[in-house]
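A short worksheet on the structure shown next.
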Amino acid sequence: MQSTHFDVLIVGAGLSGIGAAYHLQTKCPGKSYAILEGRESLGGTWDLFRYPGIRSDSDMYTLGYSFRPWTDARAIADGPSILAYVKDTAEAFGIDRKIRYRHRVVRASWSSSDALWTVEANVGDEHARFTCRFLFMCAGYYDYDAGYTPDFPGMDRYRGRVVHPQKWTKDVDYEGKRVVVIGSGATAVTLVPELAKRAAHVTMLQRSPSYVVTVPERDAIANWMRAKLPSSAAYAGARWKNVLLGMAFYAYCRRFPKHAKRLVVGGVKKALRGSSDAAHFTPSYKPWDQRLCFVPDGDLFEALRNGSASVVTDHIASFTETGLRLRSGEELPADLVVTATGLQLKFLGGMELEVDGARVDPSTLMTYKGIMCSDVPNMAFAIGYTNASWTLKCDLTSEYVCRLLRHMDARGYREVCPRRNDPSVTEEPLLDFSSGYVLRALVRLPKQGSVPPWKLYQNYAVDRFLLRHAKIEDRALEFRA
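And the structure:
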């Protein structure tokens, strides 16, 4: 009979969940744990998304795990390669044997008298219940059931097919067809050059431009180090090189936004070789007010130069039977419309949360170090950076959770809970980002605070010190023996 009680329950078997399991079994080997995964396979994002050309939007030396070198020569990797990397990692460390698939967590209830979480999950048509001392949420931050598609007028009369990239299936046919991709974010700039290889023509339709930066698919310095150094040393060197370059570029963009804008837009003009399309890549906002889009070896610009793709900046007036009518009066014929219009954020996988019988509204909470929530005991969550690789923060989060668990064991504590006991702390939005998917969800998300430890830093160097080396006990953490 399978056990239903564990020291730690991890929710989610994606990139962060597999990493959390490695850190837990390595640094807290005496702890029992299981991973509850709602889908039928591991991999999270990299198993869910199947649209053509799906790839990382961060280099793999930072998106990869700190403890398992990325050995592929490509720094920007395709989705199947990343999924294989996550699966190989889970198998190499025996983590795959700890996963319970088709367990969709729907509710978690904390009892202070028992110092115990009761976690409920749907398993098909059945129901399962687990208990644990510590709950580690690694379910990501977006809705796996559906992406975001605006309610465009006239969609019901369009005779072609409309598909969101999150729902892409093998039967989506674009060979020799006229395709319109709505959007200008990372998904759109990935899809357009890939679809253009087989479609009759692909049009990227955007309401407003995004910053798009060409990066090399292969990192020459990292590959040189791999040829000259042991695998672990080469990986660490490439990882730190990219961490520092990324931090420096972000700081430069924030400190000198006008100059950074000229640099990025100038790079686009150079890639397009003087084409008038450069106007479609000149945003009105500052660099890093939204996430930058990276295109390996300028593949998007190559598709624009050779005429297999084009960009239109306009608003949709309505769908027609055969395509899209724009506010300018222009009509875009389309056999297939791809709505790369964004994600829907969902905190903690959308599960219900209770503490001592009282329902918890996530929007009333404040995040502690970007890892725990005020007034919610013995629970942590893993969410990555908005301005750098997801895994950089998730690795640090997992290390901190292990430090916290060891600290509690050493002192006989059975409960830890962040408390907002400093009246000078004011609330701020959790994410300082102007992307649509963030703005739509802010009202439902927890807040961050104005000062540490409630302040959420998007800075790997700062977090590395705070989460690895700063004292565990502080005035905001309440422990109970």
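Taking the numbering used here, the leading residue of the sequence shown gets 4, the next gets one more, and so forth.
For each residue, glycine too, the CB sits at the ideal point set by N, CA and C.
CA-CA distance, residue 344 to residue 484, rounds to 49 Å. Under a 10 Å Cβ-count criterion, residue 206 is classified as buried, with 16 or more other Cβ atoms of the shown protein chains found around its own Cβ. In the three-state reduction of the DSSP assignment, residue 376 falls in the strand class.
As the crow flies, the alpha-carbon of residue 311 is around 13 Å from that of residue 194. Excluding five sequence positions before and after residue 351, the CB atoms of its chain that fall closer than 6 Å to its own CB belong to 140, given in chain order.
Within its own chain, the residues whose Cβ lies closer than 8 Å to the Cβ of residue 199, once the five positions on either side in sequence are excluded, are 205, 306, 311, 312, listed in chain order.
A straight line joining the alpha-carbon of residue 6 with that of residue 122 spans about 13 Å. Here residue 33 is exposed: its Cβ has fewer than 16 other Cβ atoms, across all protein chains shown, within 10 Å. Secondary structure note for residue 340: its beta strand (DSSP E) is the uninterrupted segment 339-342. Residue 316: member of the beta strand (DSSP E) spanning 312-316, first to last residue.
Taking a 10 Å sphere around the C-beta of residue 302, we find 16 or more other C-beta atoms and assign the residue as buried. Sorting 446, 448, 438, 416 by C-alpha distance to the C-alpha of residue 475 places 416 at the top. Distances from the CA of residue 261 to each of 449, 459, 287 were compared; the closest alpha carbon is that of 287.
In the structure shown, the three-state DSSP call for residue 450 is strand. In this structure, DSSP gives residue 393 a helical state, which the three-state scheme calls helix. Excluding residues up to 5 positions away in sequence, 111, 113, 135, 138 lie with their Cβ nearer than 6 Å to the Cβ of residue 120 in the same chain. Taking 8 Å as the upper bound for CB-CB distance, residue 264 and residue 290 are in contact here, some 6 Å apart.
Pairing residue 298 with residue 214 gives a Cβ-Cβ distance that is not under 7 Å. Across the set 384, 390, 341, 44, the C-alpha of 341 shows the shortest separation from the C-alpha of residue 152. The secondary-structure analysis by DSSP pairs residue 209 across a beta bridge with 316. For residue 323, same chain residues with a beta-carbon under 8 Å away, outside a window of 5 residues either side, are 157, 160, 161, 334 in chain order. Just so you know, the alpha carbons of residue 10 and residue 145 end up roughly 27 Å apart. With fewer than 16 neighbouring CB atoms inside 10 Å of its own CB, residue 424 falls in the exposed class. Going by beta carbons, residue 466 and residue 399 fall inside the 7 Å limit. Buried is the label assigned to residue 396, since at least 16 other Cβ atoms lie within 10 Å of its Cβ. Residue range 8-14 is occupied by the beta strand (DSSP E) that includes residue 10.
Listed in chain order, the beta strand (DSSP E) elements of length 3 or more contained wholly in the stretch 27-54 are 36-39.
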